[in-house]
Every structure is written in C-alpha cells, then in structure tokens.
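Structure record follows, encoded as structure tokens.
2 protein chains.
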Amino acid sequence: MDYYSEYISRLIEELSRLPGVGLKSAHRLAFHIINMPKEQAESLIFSIQNAKKNIRYCSLCCTLTDREICPICASKNRDQKTIMVVENSRDLAAYEKTGRFEGVYHVLHGAISPMLGIGPNDIKLKELIKRLESEVKELIIATNSTLEGETTAMYIAKLVKPTGIKVSRIASGIPVGGDLEYIDEVTLLRALDGRVEL
Amino acid sequence: MDYYSEYISRLIEELSRLPGVGLKSAHRLAFHIINMPKEQAESLIFSIQNAKKNIRYCSLCCTLTDREICPICASKNRDQKTIMVVENSRDLAAYEKTGRFEGVYHVLHGAISPMLGIGPNDIKLKELIKRLESEVKELIIATNSTLEGETTAMYIAKLVKPTGIKVSRIASGIPVGGDLEYIDEVTLLRALDGRVEL
Chain D
7 MDYYSEYISR
17 LIEELSRLPG
27 VGLKSAHRLA
37 FHIINMPKEQ
47 AESLIFSIQN
57 AKKNIRYCSL
67 CCTLTDREIC
77 PICASKNRDQ
87 KTIMVVENSR
97 DLAAYEKTGR
107 FEGVYHVLHG
117 AISPMLGIGP
127 NDIKLKELIK
137 RLESEVKELI
147 IATNSTLEGE
157 TTAMYIAKLV
167 KPTGIKVSRI
177 ASGIPVGGDL
187 EYIDEVTLLR
197 ALDGRVEL
Chain S
7 MDYYSEYISR
17 LIEELSRLPG
27 VGLKSAHRLA
37 FHIINMPKEQ
47 AESLIFSIQN
57 AKKNIRYCSL
67 CCTLTDREIC
77 PICASKNRDQ
87 KTIMVVENSR
97 DLAAYEKTGR
107 FEGVYHVLHG
117 AISPMLGIGP
127 NDIKLKELIK
137 RLESEVKELI
147 IATNSTLEGE
157 TTAMYIAKLV
167 KPTGIKVSRI
177 ASGIPVGGDL
187 EYIDEVTLLR
197 ALDGRVEL
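Sequences listed follow chains D and S, in order.
Per this note's numbering, numbering of the first sequence is gapless, rising by one per residue and ending at 204.
Per this note's numbering, numbering of the second sequence is gapless, rising by one per residue and ending at 204.
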C-alpha cells in the first residue's frame, strides 16, 4: 500500500474493515470511489450519515426503524399477542417477505454465544421479557439453526415456560426443493426426528 | 426492501451500486454500518471525503496522487526516459511491488474498447503523446493481456513507431508456476510463438 498516496491507503484500510471486504475488494472499491463523479460520492456519504442519524431501535420490538415505534408494532392489522423472536432485522425482513406471518416480532440483535463471550445481557432479551408482562399468547422462536441460535432458543424457552406462555420453535428439516443427497447429516437426522404423520 | 426504513433502503441502494457488491452484500454492509460505533462511521466517511478532496492525477504520468507531481515522477533515482504504460494505478502498484522497474509510468485510466464505446480520446493518451516530446528512450506497453489491452497496445505502437522511439510490449506466456494442463489454448500458443532460444 506504500505505492499509493496516504489518502488512498487510508480509504482502502477503512473499506477493508467492512464485513466480507478483503484487501483486494477494498482496493477495487477505493479506486471506484475515487473515480466516481463527485455527486455520486456525496450521495453515498449522505446515505451513510442519514442512516446513522435517523435509525434507532423500535421501543417495542427493537428492530431498526426511523420511528419511535416501527410500522409493524404500530399496525392495527397485526396480532400483537403473537411474537416471533429473530436474531436481526434481516431475519425479520425474510419472514415479512413471505407475507404470511400476522404477528409481531422481537429482534434480539444477536444470539447467545459463550465462545464469543456474548451473554443474555448482550442481546435484547430484557426488552423481550418486559414485553411478556402485557398479554402474549405465543412466542415463536425463530433464531438461526446454528449453535448460537439453538442455545438462545433453549435459554428463552427455559426462561419463559414457567410463565405459562406458549413457546414454540420454527421447524428444522430439509429445505423445500432440497436434494437429500446434498443435505448434511445433522439436518437429515433433524428431519427424521421431526417427522409428521400424514 | 419495503420492510426497512427508507434510510436503510437508501443506504442499501447506494452500497449495491459499488462494484462487486450485490444486493445481499449491500444488505450486510448497510446493517454493519448502522450498527457501527459512531466514531467508526465518521472515520469511514472522513476517509472517503479526504480521498475525494485530495486525490488527483499526477500532471506527468496521470497516476492518482495527492501531489502535483507523484513521488515516482519526482524521484531523481528513476529513469525518466523509460516509460511503462499501464491501464490503471493498481497495475502501477503491481509493478512497483516487484521493486525491479527503474523507469517511470504512464497511467491510461482505461483501455480502448470499441465494444464499450471507449475511444483513444477517453483515456489519457494525449497526455502520453505530449510526454514523448521530451527525450524518451523506450516505451514499454504493459496494458492487460485482454482484447482491450491488446487493442490499446497496438494503437499506441502504431502511433509512436514513426517517431523512432523504441516501443516494446511485456511478454505474454505461461505464468511462473503455471501448470500447462490448466492454461488456456490462446496462452499456450502465445507462449509457443514467443519462445526464446536457450
């Protein structure tokens, strides 16, 4: 990087800190940005500044929003008594895209991971527990099917069960269209354990 | 993207315009930036602004630099009479890393491509021709070994040859460590044509 001006090196360094951006991509991105028309670069900067300034957590479900209460939590058409717990706002969007879930969400912003030192207090769990004080019919845990996601699901289930609120977990199994030949063993066994009568 | 605040959608849109950044990466990058500490986001913005403000073309070789004349063109240790022509500043850096080239560069910022409608006037060719008015011993054309790079090399060679200045092209052939089995036919034939006596 010594072959470039310090301003270029600095930009490359900043960009290479972004997730999924290696040193090669950072180089390409940096030169692209440098060669961009001025207005386009300003537009990029403006969008970053605006997002940083206006985006906050919904005071109910903790998803990222620009309002005090997000449109889903504020909607009268949603069943406020059914809460789906997800790890992040992208997972929320994934379920919203299906257009079939009529309840509301709770976004944890992470999952419990003893390996990474992420405990229950590092995710939006207190906020979830507080929501259970109002009338809740069912808590659907839709954390990822990873070690961290499963740990988090177990933790929440244990915590909530004594309250009598119904707690469920989204099914794990063969993805639709999935070819058994290419599916890992753990998923195959999960699908077997979770078999339903026809 | 309707599941997100317009500020998030806008940021995703801006990011997805960057080269090599698909919609999925743009999502990931956007949420990463939103969750970044404020200082880190400011540091990213600052590096973009600084690079845009301070980086310009070297008035001799046209490489990207923060000075009127880049350190290579300004160096007394470099042979100013040998000019290597490259497509962009990254290619310049690639040769600089070898530490073996003692001449100077000329950065075209592109290559002639009739397909993309990029003609000789769209790259820094006039600037190169102007440099030939001062004493130049050899012009080494190191454009890429692509259709565009070869076209550009041929164009420059035709243009410069009448002036009597020596024009050469970097060799094409089997890359060092390359296994013939995996090398494409065109390269194999090039290597054969360019064989040197031992």
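Glycine included, each C-beta is placed from N, C-alpha and C at the ideal position.
- Judged by DSSP secondary structure, residue 109 (chain D) falls within the beta strand (DSSP E) whose first and last residues are 109 to 113.
- Taking a C-beta distance under 9 Å as the contact criterion, residue 189 (chain S) and residue 176 (chain S) do not qualify as a contact pair.
- Against chain D, a Cβ distance below 7 Å from residue 43 (chain S) picks out nothing, because the smallest value is about 10 Å.
- Chain S places a beta carbon closer than 9 Å to that of residue 25 (chain D), counting this residue as a contact.
- For the stretch 64 to 91 of chain S, the residues whose beta carbon sits under 7 Å from a beta carbon of chain D are, in order, 70, 71, 72.
- Put simply, of S:192, S:158, S:151, S:65 the residue whose alpha carbon is nearest the alpha carbon of residue 127 (chain S) is S:158.
- When secondary structure is reduced to three states using DSSP, residue 174 (chain D) falls in the strand class.
- Within the model, the alpha-carbon separation for residue 121 (chain D) versus residue 163 (chain D) is close to 21 Å.
- The Cβ of residue 107 (chain D) sits no closer than 9 Å to any Cβ of chain S.
- Along the length of the stretch 128 to 169 of chain D, whole alpha helix (DSSP H) runs at least 4 residues long occupy 131 to 137, 153 to 166, reported in chain order.
- Each of S:170, S:153, S:123 was checked against the Cα of residue 139 (chain S), and the nearest Cα belongs to S:170.
- Inside the stretch 59 to 114 of chain S, DSSP marks whole beta strand (DSSP E) runs of 3 or more residues at positions 85 to 92, 109 to 113, from first to last along the chain.
- Interface with chain S (9 Å Cβ-Cβ cutoff): residue 148 (chain D) is excluded.
- Membership of residue 13 (chain D) in the alpha helix (DSSP H) is indicated by the continuous run 12 to 22.
- Neighbours of residue 47 (chain D) in chain S, taken as residues whose beta carbon is under 7 Å from its own, are 54, 58 in chain order.
- Close CB contacts of residue 112 (chain D) within its chain, under the 6 Å cut and outside five residues either way in sequence, are with 67, 89, 91, 134 (chain order).
- The straight-line gap separating the alpha-carbon atoms of residue 114 (chain D) and residue 173 (chain D) is approximately 16 Å.
- Looking only at S:178, S:35, S:149, S:183, the smallest Cα-Cα distance to residue 192 (chain S) is reached by S:178.
- Distance from the CA atom of residue 19 (chain D) to the CA atom of residue 32 (chain D), rounded to whole angstroms, is 7 Å.
- In the three-state reduction of the DSSP assignment, residue 124 (chain S) falls in the strand class, which pools E and B.
- In this structure the stretch 33 to 41 of chain D touches the stretch 47 to 59 of chain S; the number of beta carbon pairs closer than 8 Å is three or more.
- Residue 27 (chain S): not part of any alpha helix (DSSP H); DSSP gives it neither H nor E.
- A distance of 9 Å or more separates the beta carbons of residue 144 (chain D) and residue 105 (chain D).
- Membership of residue 192 (chain S) in the alpha helix (DSSP H) is indicated by the continuous run 191 to 199.
- Shown here for residue 74 (chain S): same chain residues with a beta carbon closer than 7 Å to its own, the five before and five after excluded, namely 65 in chain order.
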